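Encoded as structure tokens, the structure appears first; notes follow it.
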Amino acid sequence: MLVKFLKSYSWILAGLLALSACSAPEQQNTDAKVLHRGNSAEPLSLDPHLASGTWENNIIGDMFIGLFTENAAGEPIPGMAKSWNTSEDGLTWEFELIDAKWSDGEPVKASDFVFSFRRILNPETQAQYASLLYPIKNAAAVNAEEMPVDALGVTALGPKTLRIELEYPAPYLTGLLTHYTTFAIPEHVVREFGSKWIQPENIQVNGPYKLKSWRTNDFVQLVRNPDFYDNENVCLDEIYFYAITDNNTAERQVREGRLDVNNDFPGRKMDFLNKELPGYVRVHPYLGLTYFSFNTTVKPFDDKRVRQALAMALDRDHITKQVIKSGYIPAYSMVPPGIGNYPDGAVASWAKLPFEERKQKAKDLLIEAGFGPDNPLQFEFAHRSTGDNPAAAPSVQSDWNNIAPWVNVTIAQVETQIHYANLRSGDFSIGDGGWIADFNDASNFLYLMETRAGAMNYSRYSNSEYDEIMDKANREMDMMKRAEMMKEAERIMLDDMPIIPMWFLVNRALVNPKITGWVDNIVDIHRSRFLCFAE
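Read in order, the letters of the sequence shown correspond to residues 2 to 536 in this note's numbering.
Right under this line is the structure:
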């Protein structure tokens, strides 16, 4: 009943979004340089500690700056950090902060960072993304209510000096510190307004843009923050982010001139768009994966034979090359190729078998698991309503139903935000999902399968051997040994198959050629502060 309701709701919402996106806001200052960006989904929150989606990151990263931030090419560069030192064992980092202000003129202090790290890891905050910060000393224990928040290894040594202590060396820390979970938020504002601190009339920021208005299911409006430390190098005055879940609608609005940028387009229309919009189409590899999660807490998906069978039976080559046609790479592992410090990653043991042989093995495994004419396998596959997922779902359904006459799979399209909420709460059987790297390191993908990843581990996979190897890899200083450990862990996970890796992504965007400063990059992050319009 719930899934049927959500499916109906997703179509109603899509219609509302399409209608609302057709009416652009009135522009007050005709001399202002204004950018209109399509942004794929409605934010659930713009609080850095409650967000969990790339569409939220696109907005939050325009408003807040962490110790590190990204340059136009998506590479880590200093943000609030002026300088830093690292202990010989890699476990202690000390940062000196620049002289920066919140948008109300109050100074950004080291204590704001201490407050913020404690807040996101406080279990009362219920931050879905808190586990990303577990490399910090005592973070996991604080988040599990085993230690008080003041035991966290983040300390203000002075107004402008911050110390971060780690559980184990993290060579990727500068990249991690660009992520919104690590951003400071203004302690004085949060203490005054509580959960309402993020509302436009209350919010204060330290980034290039400040929230002016948020019209639900329509747009988020940001305006220039004159107190931003690098304001003199910011070009654009206002940014509008539109929650357009249907990329066909967004693509049409780009062609009509209502959007300057959209962060996706239908892959099947690539040739058409290259002709219709010369110079707009941008396609580039990046660190992203589409994968399907099994709910391993419910039958029959607690049986790895069933999981392996369903993983084998999907024709990824056909789906990516004939159905989606987006340049995606079929995936037989969790970690994308080309990721840093992880040469020749692991793949599923059956990956190189011909598809027909895999299909027969899938049938045999399901029979071994007790399924057949007298005990049919029936389940629902839920998928996101955005991107290429609706196009791929019927092919996925067909591949599974073609294993044998006694396999019966139905599909349900669910609005993206609701779908991810269902994944986090365990309200699904098999569901698709995507993961975009928060930093360029294999651990950012593999940690999702650790028991401690909590709600981000949608499948609720738990393997003590996997956890132990990942813990040792996290503590290993030798990068080659560390990579081998992570590959061993990935092989174990792929044998258990709690997820089905489907395809590695490319970033696709439509960008008006008049926009300068847009640099295609592997993390697909394009901060508005670096963009402008050619004269």
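Built from N, CA and C at the ideal position, the CB exists for glycine as well.
As the structure is a computational prediction, the values presented were derived from the model and not from experiment.
With respect to Thr-291, Ala-42 sits apart: the two C-beta atoms are not nearer than 7 Å. Remark: C-beta atoms of Arg-530 and Val-235 approach each other more closely than 7 Å.
Checking the DSSP bridge columns, you'll see Gly-435 partnered with Thr-291. For Ile-204, the three-state secondary structure derived from DSSP is coil. Annotation: Arg-253 is outside any beta strand (DSSP E); the continuous alpha helix (DSSP H) that includes it extends over 248-256. A contact is defined here as three or more CB-CB pairs under 8 Å, and the stretch 324-335 meets this definition with respect to the stretch 486-503. According to DSSP, residue pairing for Cys-533 in a beta bridge involves Thr-517. The stretch 381-401 makes contact with the stretch 428-446, as at least three CB pairs between them are under 8 Å.
Within 10 angstroms of the beta-carbon of Ile-78 lie fewer than 16 other beta-carbons, which makes it exposed. Around the CB of Met-478, fewer than 16 other CB atoms lie within 10 Å, so the residue is classed as exposed.
For Gln-222, the enclosing beta strand (DSSP E) starts and ends at 220-225. Counting of Cβ neighbours within 10 angstroms places Met-81 among the buried residues, the total reaching 16 or more.
DSSP places Arg-317 within a helical segment (H, G or I) once states are collapsed to three.
Residue nearest to Phe-229 within the set Gly-67, Ile-412, Ile-523 is Gly-67 (criterion: CA-CA distance). Rounded to the nearest whole angstrom, the C-alpha separation of Ile-320 and Ser-327 is 10 Å. Annotation: the continuous alpha helix (DSSP H) that includes His-420 extends over 417-426. Fewer than three Cβ pairs drawn from the stretch 279-298 and the stretch 407-419 lie within less than 8 Å of each other, which leaves the two stretches out of contact. For Thr-250, the number of other beta carbons within 10 angstroms of its own is at least 16, and it is reported as buried. For the set Glu-489, Pro-209, Ser-460, the Cα lying nearest the Cα of Ile-501 is the one of Ser-460. Counting the other Cβ atoms within 10 Å of the Cβ of Glu-252 gives 16 or more, which makes it buried. In the three-state reduction of the DSSP assignment, Lys-364 falls in the helix class. The C-alpha of Ala-352 is placed about 37 Å away from the C-alpha of Leu-45. In the DSSP annotation of this structure, the continuous segment of the alpha helix (DSSP H) that includes Arg-119 starts and ends at 111-122. One Cα belongs to Pro-170, the other to Ser-117, and the distance between them is close to 22 Å. Taken through DSSP and simplified to helix, strand or coil, Leu-378 comes out as strand.
Within the same chain, and ignoring the five residues on either side of Ala-142 in sequence, the residues whose Cβ sits closer than 8 Å to its Cβ are Met-148, Ala-152.
Ala-535 is classed as exposed because its beta carbon has fewer than 16 other beta carbons within 10 Å across all chains shown. For the pair Glu-188 and Asp-113, the CB atoms are nearer than the 7 Å cut-off.
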